[in-house]
Amino acid sequence: MSRTPIVKDIFYPGDVNELISIIEYFYTNPLGIGELPLKINSEPNLKSSIGLICPHAGYEYSGITAGYSYYELSKRLGDETTIVILSPNHTGMGARVAISNETWETPLGDITPDLDFISELIIHGLFELDDIAHLQEHSIEVQLPFLKHLELLGISQFKIVPICCQGMEYEEYIEMGDYIHNVAKKLNKNIVVIASTDFSHYEPQETTIKKDAKVIKNVLELDEKALYDTVMDNNISMCGFGQVITMLHILKLSGAKNADLLNYMTSGDISKDYTSVVGYCALLIE
964 MSRTPIVKDI FYPGDVNELI SIIEYFYTNP LGIGELPLKI NSEPNLKSSI GLICPHAGYE
1024 YSGITAGYSY YELSKRLGDE TTIVILSPNH TGMGARVAIS NETWETPLGD ITPDLDFISE
1084 LIIHGLFELD DIAHLQEHSI EVQLPFLKHL ELLGISQFKI VPICCQGMEY EEYIEMGDYI
1144 HNVAKKLNKN IVVIASTDFS HYEPQETTIK KDAKVIKNVL ELDEKALYDT VMDNNISMCG
1204 FGQVITMLHI LKLSGAKNAD LLNYMTSGDI SKDYTSVVGY CALLIE
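In the numbering used here, each number is its position in the sequence shown, counted from 1, plus 963.
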């Protein structure tokens, strides 16, 4: 079985050439990095685990920001890489912590699951094999064309562990991080953990920037509990804050010491309508 795209031609182009062209534009345009991703790591494997925050909106609005994350990722990748992608559940469908073991189709080619990693994870009761949660969820799908583009550039080959979550408490996000870290350690793998999230939603530009700055500060300080408290205390509508908590926890267990803000924009910076915007952020943890 395979999971077919549900937001192609909506969030991103379904045509192969158009999709490649727009992804490369995100890297090379004046607001982007200015060049295409490069393979710099000559080692066959990741030197250490890496965490990323990537947005998941329509490419028109968040593609430039996503490009910053994937550019930095490209410089650190080995020949083969396991990518754990953590996403919120926007639909309410399916299990609370749902893992897909299907092959995921993209216009640029298929991405296969890391079945060894997934088999170890579902031993723990927190995780369920469940494709229903992923059926109409866009926030993992929109990451995959960027990954497939890196494959087309010859930078790495990927297997994914797609995890979609809903209705969890802080302690459960930490528990999930413990399990993922322990499986990576058992399999002797350094991994990439992508927290798929947008930041504040549908508030004026000035309010959005102020609220998001508080969250970004917590991430840069690698403080997942402070992040949780900031979101709760300030009513911040960050859809994937729990996924960021899990990602931070995994990376700290893996020895990460640094976080770098790569890019921050809002939808208003693209549309020029600043009355009701969404925040997008690219962050690297290693």
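A virtual CB, placed ideally from N, CA and C, is assigned to each residue, including glycine.
Residue i vs residue j beta-carbon contact at 8 Å
i: Y975; j: P1108; result: yes
i: L1071; j: L1001; result: no
i: I1081; j: S1159; result: no
i: M1201; j: V1178; result: yes
i: I1126; j: L1049; result: yes
i: R1059; j: M1131; result: yes
i: S1012; j: I1154; result: yes
i: G1140; j: I1213; result: yes
i: P968; j: E1068; result: yes
i: S1032; j: L1225; result: yes
i: K1215; j: L1185; result: yes
i: L1089; j: Y1142; result: yes
i: L1009; j: L1040; result: yes
Limits of the beta strand (DSSP E) - the one that residue i falls within
i: D1093; result: Here D1093 belongs to no beta strand (DSSP E), and DSSP marks it neither H nor E.
i: N1226; result: 1222-1229
i: I1062; result: 1060-1062
Boundaries of the alpha helix (DSSP H) in which residue i is found, first to last residue
i: A1029; result: 1022-1037
i: I1085; result: Where I1085 is concerned, there is no enclosing alpha helix (DSSP H), given that its DSSP letter is neither H nor E.
Contact belief for residue i with residue j at Cβ below 8 Å, rounded distance in angstroms
i: S1025; j: Y1243; result: 4 Å
i: A1245; j: A1029; result: 7 Å
i: P1007; j: C1128; result: P1007 to C1128, Cβ: 32 Å. No contact.
In DSSP terms, what residue i is bridged to
i: Y975; result: K971
i: A1158; result: I1016, L1049
i: V1240; result: E1166
i: A1245; result: N1226
i: S965; result: T1066
Test: residue i CB closer than 8 Å to a CB of chain B
i: L1015; result: No chain B appears in the structure shown, which is made up of a single protein chain.
Tell me the start and end of each unbroken alpha helix (DSSP H) in the region 1175-1206 that is at least 4 residues and wholly inside, in chain order. 1187-1196
Write down every uninterrupted run of the alpha helix (DSSP H) in the region 1101-1131 whose length is 4 residues or greater and which is fully enclosed by it, in chain order. 1107-1115
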